[in-house]
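To convert, take the position in the sequence shown, counting from 1, and add 11; that gives the numbering used here. Down below is the structure, laid out as structure tokens.
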Amino acid sequence: MTDVHEASADSAYSYTVLRIQRGRVKAVKAKRRKHKRPRDYRDGYHEGYRLGMCEAVQRRSTVEVEACRPFKLMYVPQGFHAIDTGVIEALQQLVSELVISTPEAMLETAAREMPGAVLVMNGLHVFPENHLEQITEIRKLGIRTAIWFVDDPYFTEDTSVICRHYDHVFTHELGCVEFYQSFGVPSVHYLPLCVNPKMFYPRRTAPQYKYDIVFIGNAFHNRTALFDELAPYLKDKKVLIAGGFWERLATYDQLAPFISNGFIPPEETANYYSGAKLVINIHRPWEEGQDNRNSFRLPSRSINPRTYEISACGTMQLTDVREDLGNYYRPGYDLDTFGSAKELQEKIEYYLKHEKERRIYALRGLQTTMRNHTFTARLPHLLNVIASSV
12 MTDVHEASAD SAYSYTVLRI QRGRVKAVKA KRRKHKRPRD YRDGYHEGYR
62 LGMCEAVQRR STVEVEACRP FKLMYVPQGF HAIDTGVIEA LQQLVSELVI
112 STPEAMLETA AREMPGAVLV MNGLHVFPEN HLEQITEIRK LGIRTAIWFV
162 DDPYFTEDTS VICRHYDHVF THELGCVEFY QSFGVPSVHY LPLCVNPKMF
212 YPRRTAPQYK YDIVFIGNAF HNRTALFDEL APYLKDKKVL IAGGFWERLA
262 TYDQLAPFIS NGFIPPEETA NYYSGAKLVI NIHRPWEEGQ DNRNSFRLPS
312 RSINPRTYEI SACGTMQLTD VREDLGNYYR PGYDLDTFGS AKELQEKIEY
362 YLKHEKERRI YALRGLQTTM RNHTFTARLP HLLNVIASSV
């Protein structure tokens, strides 16, 4: 790991002046003194220093992309822009021919292109009612099919039906592997999510993206409970809370100045992450209710895509804990964790006062992400499974 050496924008300096005395010019060593730099200068210096360190980490963490394999693959996006873009850009490097189809035209495109396999992203939300009929007909053409569920376990009422129609099922949720196997699916694989480093990366940001504390996500009940408890503490901080349904907060009136209601595009999200001092990650609750269709009540065990995206932006992350977090990041080294609002408040207070420690955490998290958790690092395993059955 690259060591961080601090340098001050307000460092003292000495200089030589020329003094005219009785017609003679005399060199005099001036008294060493400190010069106070303007705040904008100091902020620019520190941001440039941070970005320079991030760039060094990125260079040292570049992993060689696996050789392109002679394989024709058809990919069907879900509409998750950050994920779909990452998958497509990685597959363009990993397979010799990539065909993209809309969910509505899967069968038509597959019949025309005859790929070696079809990979569907998630298969929920925007997919048409004849989704499964199309997949059945594609399989009749002798084309292997695979689906990668990335919303598990929140829609098990739906995915329990969908999974039975595919040759291969991949899930980002560790707790769903045995669940899908129980429905007789012969090929089920745990494939955690990752990040597109061309979309989420450290960057110089405009003033409107700079905050002490950032959280971006919808207002699920565990998140509103946490922010309701933190509200008195946050009132004098520079905070952004963005996403949908934040009117659910009991303390909405108090936190309203910090709230940006509505969807934040991935590119904007990356700007906010990169401009923040601290980014909070709170995983979605798994219990069935108004926001979930988890009728099988499978608990969540795996980390969300936000975990990778925050760290990829070179910013320190404070996250709640999922069972498999330690398999991908080192708590207390790459990021820090909390188990209650009180613990989160204490850690926010501490890290806002300790910039160097924040930076070291952020650089370690960035390095781990770039080395291990990009789509080009993750997808070869998926391709090995699919190609071996063709």
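For every residue, glycine included, the Cβ atom is placed at its ideal position computed from N, Cα and C.
Strand pairing of residue i, partner residues [DSSP]
i: residue 253; result: 227 and 271
i: residue 200; result: 181
i: residue 303; result: 300
i: residue 323; result: In the DSSP output, where bridge partners are listed per residue, residue 323 has none listed.
i: residue 219; result: According to DSSP, residue 219 bridges with nothing at all.
Minimum Cβ-Cβ distance from residue i to chain D less than 8 angstroms
i: residue 164; result: Going by chain labels, chain D is absent from the structure shown, which holds only one protein chain.
Reference residue i; option with closest CA among the options
i: residue 197; options: 180, 184 and 337; result: 180
i: residue 352; options: 360, 345 and 346; result: 360
i: residue 340; options: 311, 367 and 373; result: 373
i: residue 277; options: 188, 228 and 232; result: 228
i: residue 344; options: 363, 370, 356 and 381; result: 370
i: residue 230; options: 270, 218, 204 and 213; result: 270
i: residue 105; options: 120, 84, 119 and 142; result: 84
i: residue 213; options: 358, 256, 66 and 237; result: 66
i: residue 349; options: 201, 242, 290 and 130; result: 290
i: residue 148; options: 388, 216 and 121; result: 121
i: residue 138; options: 124, 168 and 173; result: 173
Where residue i falls: helix, strand or coil (DSSP)
i: residue 89; result: coil
i: residue 158; result: strand
i: residue 265; result: helix
i: residue 247; result: coil
i: residue 135; result: coil
i: residue 108; result: strand
i: residue 78; result: coil
i: residue 43; result: Legend: pLDDT at residue 43 = 47, less than 50; position of this residue unreliable, value from coordinates given subsequently. If DSSP states are grouped into helix, strand and coil, residue 43 belongs with coil.
i: residue 331; result: coil
i: residue 348; result: strand
i: residue 385; result: strand
Whole-number beta carbon distance between residue j and residue i, since they are thought to touch under 8 angstroms
i: residue 154; j: residue 176; result: With a Cβ gap of about 13 angstroms, residue 154 and residue 176 do not count as contacting.
i: residue 391; j: residue 77; result: 5 angstroms
i: residue 323; j: residue 206; result: 5 angstroms
i: residue 142; j: residue 396; result: Going by Cβ atoms, the distance from residue 142 to residue 396 rounds to 22 angstroms, so no, they are not a contact pair.
Proximity below 8 angstroms, CB of residue i to CB of residue j
i: residue 132; j: residue 103; result: no
i: residue 7; j: residue 260; result: The chain is shown only over 12 to 401; residue 7 falls outside these bounds and no answer can be derived.
i: residue 249; j: residue 222; result: yes
i: residue 82; j: residue 398; result: yes
i: residue 327; j: residue 69; result: no
i: residue 232; j: residue 313; result: no
i: residue 166; j: residue 305; result: yes
i: residue 255; j: residue 272; result: yes
i: residue 97; j: residue 386; result: yes
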